[in-house]
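Okay, so here's the structure we're looking at.
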Amino acid sequence: MEAPRTRKQPLDFRKEEVGRVMERWRASESCSLVGVGSVGKSNLLQHLADPDVQAYYMQVAKVERFKAIIIDPSLLGPLPIAGVNMDQIRCWAGYELIMHRLFLAFYPFDMLSKDEARQFVETYQALQDGNNPLYAYMGLRYLELGLEFFMRQGIQIVLMFDEFEELLRQLPVKFFQTLRGLRDNNKSQLSYLTFTRAPILDVTAQLDIPLLSIEPFAELFTDNIYYVGPYNETDARAMVESLMKRNQKNYDDYVINFLLWATGRYAGLLRAGFRALDTLGQLDASALMTSGETLIHQLAAKRP
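Residue numbers are given in the working numbering: position 240 of the sequence shown equals residue 402, and the series is strictly consecutive.
In structure tokens, the structure reads:
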């Protein structure tokens with residue numbers, strides 16, 4: 163088995179949030195996660211994508227029959243800002259990104275026969291063929307066909323959209339309408355997860371996206387909106403322990419308690435606060451008790 167490229171978290175990391183999401187995934191439902199930038203979004207998404215975590219929470223006997231795939235909009239290629247076919251090409255870019263992530267997630271396609279694997283690769287290559295004048299329009303058909311290879315195998319797929327605001331900003335409403343169509347055709351096997359800084363309808367309002375246009379997609383998440391807050395005590399302490407180990411530092415418990423209190427246990431603030439601890443000078447229990455609020459202001463002032 164290939165070694166993981168990201169740092170694995172304990173199985174019970176973010177157990178409250180993960181438990182809720184996995185419960186909905188077992189029912190093949192979509193979820194919307196809402197949280198500010200410092201909540202540790204990347205760690206949570208990577209954790210949700212971990213087959214060991216899925217087996218632990220969902221009691222999945224065959225984890226190869228379930229796949230949660232992160233779709234990162236920062237991996238979109240350059241997009242046209244004008245032109246007759248602008249919307250078609252932008253939609254194609256979204257389909258191509260999803261198809262590419264499917265390719266990487268399932269390679270080397272052990273669950274497919276040799277003939278099916280060859281056909282999937284041909285479909286993947288056809289979607290990317292810029293010589294076909296209809297390639298942008300046909301992108302949806304190729305993605306639909308690519309998904310079908312795995313749907314036939316009874317595999318359940320969750321597409322997890324990181325930085326979903328950016329996708330809403332970059333891609334036409336038609337793209338999201340077609341995602342709804344794909345979901346409707348595969349209700350028991352295809353679902354979505356989005357991560358945004360505000361509820362989806364608030365984001366679409368800010369972007370001036372007509373409600374009636376986006377509503378068919380947005381209503382997939384209406385019953386499963388979960389707000390992601392700071393780490394619980396256990397996760398926050400585990401993060402600080404990890405930071406100390408990686409940076410070869412050691413702090414007393416009262417310093418760790420101060421850091422958790424000062425940062426509210428938000429992942430991004432914990433990381434920044436940890437890096438700034440040494441700039442506060444000698445930290446003893448007496449100083450933290452008598453000058454705690456002053457030290458918090460100093461810590462905040464040193465954030466990058």
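Note that the Cβ used here is the ideal one computed from N, Cα and C, for glycine as well.
What does the Cβ neighbour count give for V246, buried or exposed, with the cut at 16 atoms within 10 Å?
exposed
Considering only their Cβ atoms, is the gap separating A429 from G202 smaller than 7 Å?
yes
Could you give the C-beta distance for E377 and L344, rounded to a whole number, given that I count them as a contact under 8 Å?
Their Cβ separation, rounded to whole angstroms, is 17 Å, which puts E377 and L344 out of contact at 8 Å.
For F471, does the three-state DSSP call read helix, strand or coil?
Because residue 471 is not part of the residues shown, which for the chain are 163 to 466, the question remains open.
Would you decide whether T441 is buried or exposed? Buried here means 16 or more other CB atoms lie within 10 Å of its CB.
exposed
Measuring only the C-alpha atoms, how far is S350 from T356?
18 Å
Local Cβ density within 10 Å of G256, reported as buried at 16 or more and exposed below that
buried
So for A230, helix, strand or coil by DSSP?
strand
Per DSSP, Q322 is paired with what?
Checking the sequence, you will find Met at residue 322 rather than Gln. For M322, which the question treats as bridged, DSSP gives the partners I232, L355.
Report the residue from T366, M273, H209 whose alpha carbon sits nearest the alpha carbon of F379.
T366
Would you decide whether I232 is buried or exposed? Buried here means 16 or more other CB atoms lie within 10 Å of its CB.
buried
With 16 as the cutoff for other CB atoms within 10 Å, does N386 come out buried or exposed?
buried
Buried or exposed by the 16-neighbour rule on C-beta atoms within 10 Å, applied to S236
exposed
Consult DSSP for L329 and reduce its assignment to one of helix, strand or coil.
helix
Alpha-carbon to alpha-carbon, L259 and V283:
15 Å
Start-to-end residues for the beta strand (DSSP E) that takes in L195
193-196
Coarse secondary structure for S190, derived from DSSP in three states
coil
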